[in-house]
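*Asks:* Counted the way the working numbering counts, the sequence shown spans residues 22 to 268.
Ideal Cβ placement from N, Cα and C applies to all residues, glycine included.
All figures in this text were calculated on a predicted structure; none of them were measured in a lab.
Okay, here's the structure, questions in a sec.
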Amino acid sequence: MLKIEDLTVEVNGKTLLRDVNLEVKKGYTNVLFGPNGAGKTALMRTIMGFSEYKIVKGHILFNEEDITGLPVDERARRGLGIMMQRPPDMSGIKLKDLVRVASKGKKNPETLAEDLGMEHFLDRDVNVGFSGGEIKRSELLQLAAQDPDLYLLDEPESGVDLVSIEQVGTTIKELLDEGLNCPGERCERGKSALIITHTGRILDYVKADRGYILCNGTVMCSGNPMKMLDEIKKKGYEECIKCRLMM
Ligand SMILES: Nc1ncnc2c1ncn2[C@@H]1O[C@H](COP(=O)(O)OP(=O)(O)OP(=O)(O)O)[C@@H](O)[C@H]1O
Ligand SMILES: [Mg+2]
Numbered sequence: 022m023l024k025i026e027d028l029t030v031e032v033n034g035k036t037l038l039r040d041v042n043l044e045v046k047k048g049y050t051n052v053l054f055g056p057n058g059a060g061k062t063a064l065m066r067t068i069m070g071f072s073e074y075k076i077v078k079g080h081i082l083f084n085e086e087d088i089t090g091l092p093v094d095e096r097a098r099r100g101l102g103i104m105m106q107r108p109p110d111m112s113g114i115k116l117k118d119l120v121r122v123a124s125k126g127k128k129n130p131e132t133l134a135e136d137l138g139m140e141h142f143l144d145r146d147v148n149v150g151f152s153g154g155e156i157k158r159s160e161l162l163q164l165a166a167q168d169p170d171l172y173l174l175d176e177p178e179s180g181v182d183l184v185s186i187e188q189v190g191t192t193i194k195e196l197l198d199e200g201l202n203c204p205g206e207r208c209e210r211g212k213s214a215l216i217i218t219h220t221g222r223i224l225d226y227v228k229a230d231r232g233y234i235l236c237n238g239t240v241m242c243s244g245n246p247m248k249m250l251d252e253i254k255k256k257g258y259e260e261c262i263k264c265r266l267m268m
């Protein structure tokens, strides 16, 4: 569904990503690990098409279409959706209006908001004065309305308290499971996702298929996400970097 080939990206003349290769198959949930400043958010924002990221080499394919040159709104129309790590405040725009526009009028903002306990936030300006956890739930509400095919989730659990994490985790699982298909041993989710996580808490709710570790703007290794998380918890990112050097 998503294929990133040899992607090199600059911002203001500084290279943030170098020769990145990464794939998310249809119905798969992949995870992106990496230390602070590795370029994880830059990668996600480049996939979504934010204009400050200049692609100097490589391609982004979505459903086999080359979307490298497409603006963000065209990518959203094709089924890409993002939950940002730090979304902006939008003064003068009520959350319910944004949710209504995102859902193209198909879904009722009140019904969507109730599932996330956000019904009392609908008349407030988007993110203005919201707490860290409320911002995450507001982002999730907008995504639920948009109903994308590929979810880009940048640290969905950060700042979310231990009780609300269950609500956020369960909502993400339900969104990704929509249209679940189990023809044989393996069930295929209706939706695909790329999730950035430091703690791995979200993986208690959403089973991940493949993990990637990004360091210094480059994918260092990929593999079983739970084993990778275990390894990172025990030894940090060192082992991954070592194995890259040995290759
Ligand atoms: N507009 C910009 N101009 C200059 N440098 C930038 C810009 N945007 C990002 N960077 C730098 O690129 C690097 C990667 O940033 P990014 O936000 O992608 O990291 P990250 O892996 O998401 O880290 P974290 O885990 O802390 O969220 C950082 O050193 C950051 O300061
Ligand atoms: Mg980040």
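Is the beta carbon of residue 182 closer than 8 Å to that of residue 106?
*Replies:* Their beta carbons are not under 8 Å apart, which means residue 106 does not touch residue 182 by this criterion.
*Asks:* Start and end of the beta strand (DSSP E) containing residue 66?
*Replies:* Taken as a continuous stretch (DSSP letters only), residue 66 belongs to no beta strand (DSSP E), being part of the alpha helix (DSSP H) at 61-69.
*Asks:* Check whether the region 211-223 touches the region 40-51, taking contact to mean three or more Cβ pairs, one atom from each stretch, closer than 8 Å.
*Replies:* Enough Cβ pairs lie closer than 8 Å, so yes.
*Asks:* With DSSP as the reference, label residue 29 as helix, strand or coil.
*Replies:* Three-state DSSP puts residue 29 in a strand.
*Asks:* Would you say the region 120-134 touches the region 181-196, given that touching needs at least three Cβ pairs under 8 Å?
*Replies:* Output reads no: the region 181-196 does not touch the region 120-134.
*Asks:* For residue 92, count neighbouring C-beta atoms within 10 Å of its own C-beta (all shown protein chains included) and say buried if the count is 16 or more, exposed if not.
*Replies:* The residue is exposed, with fewer than 16 neighbouring Cβ atoms inside 10 Å.
*Asks:* Three-state secondary structure (DSSP) at residue 20?
*Replies:* Nothing about residue 20 can be reported from this structure: the residues present for the chain run from 22 to 268 only.
*Asks:* Hey, how far is the Cα of residue 36 from the Cα of residue 187?
*Replies:* Going by the C-alpha atoms only, they are around 37 Å apart.
*Asks:* So what does residue 172 bridge to, in DSSP terms?
*Replies:* Bridge partners of residue 172: 102 and 214.
*Asks:* Report, in whole angstroms, the separation of the C-beta atoms of residue 27 and residue 61, which I expect to be a contact under 8 Å.
*Replies:* The pair is not a contact, with the Cβ atoms about 18 Å apart (cut-off 8 Å).
*Asks:* Tell me the rounded alpha-carbon separation between residue 31 and residue 254.
*Replies:* C-alpha separation (whole angstroms): 31 Å.
*Asks:* Is the region 255-262 close to the region 233-244, with three or more CB pairs under 8 Å?
*Replies:* Judged by Cβ distances under 8 Å, the region 255-262 makes contact with the region 233-244, as three or more pairs qualify.
*Asks:* Could you tell me the alpha carbon to alpha carbon distance between residue 43 and residue 87, rounded to whole angstroms?
*Replies:* Roughly 15 Å separates the two Cα atoms.
*Asks:* Using alpha carbons as the reference points, say which of 169, 80, 55 and 58 lies closest to residue 67.
*Replies:* It is 80 whose Cα lies nearest to the Cα of residue 67.
*Asks:* Tell me whether residue 11, by its Cβ, gets closer than 7 Å to a heavy atom of ligand 2.
*Replies:* With the chain running from 22 to 268 in the structure shown, residue 11 is simply not present.
*Asks:* Residue 101 and residue 171: beta carbons closer than 8 Å?
*Replies:* Yes.
*Asks:* Could you check where the beta strand (DSSP E) with residue 82 kicks off and where it finishes?
*Replies:* First-last of the beta strand (DSSP E) with residue 82: 75-83.
*Asks:* In terms of alpha-carbon separation, which member of 63, 147, 207 and 136 lies closest to residue 111?
*Replies:* Considering only alpha carbons, the answer is 147.
*Asks:* Look at the Cβ atom of residue 222, then the Cβ atom of residue 178, and state whether they are nearer than 8 Å.
*Replies:* Closer than 8 Å, so yes.
*Asks:* Given a threshold of 16 other Cβ atoms within 10 Å of its Cβ, counted over all protein chains shown, does residue 109 qualify as buried or as exposed?
*Replies:* Exposed, by the Cβ-count rule.
*Asks:* On the three-state DSSP scale, how would you describe residue 182?
*Replies:* Reduced to three states, the DSSP call for residue 182 is coil.
*Asks:* Heavy atom of ligand 1 less than 7 Å from the Cβ of residue 55, yes or no?
*Replies:* Residue 55: yes, Cβ under 7 Å from ligand 1.
*Asks:* Mapping DSSP to helix, strand and coil, what is residue 36?
*Replies:* Residue state, collapsed to three classes: strand.
*Asks:* Roughly how many angstroms separate the alpha carbons of residue 94 and residue 65, rounded to a whole number?
*Replies:* Cα-Cα distance, rounded: 15 Å.
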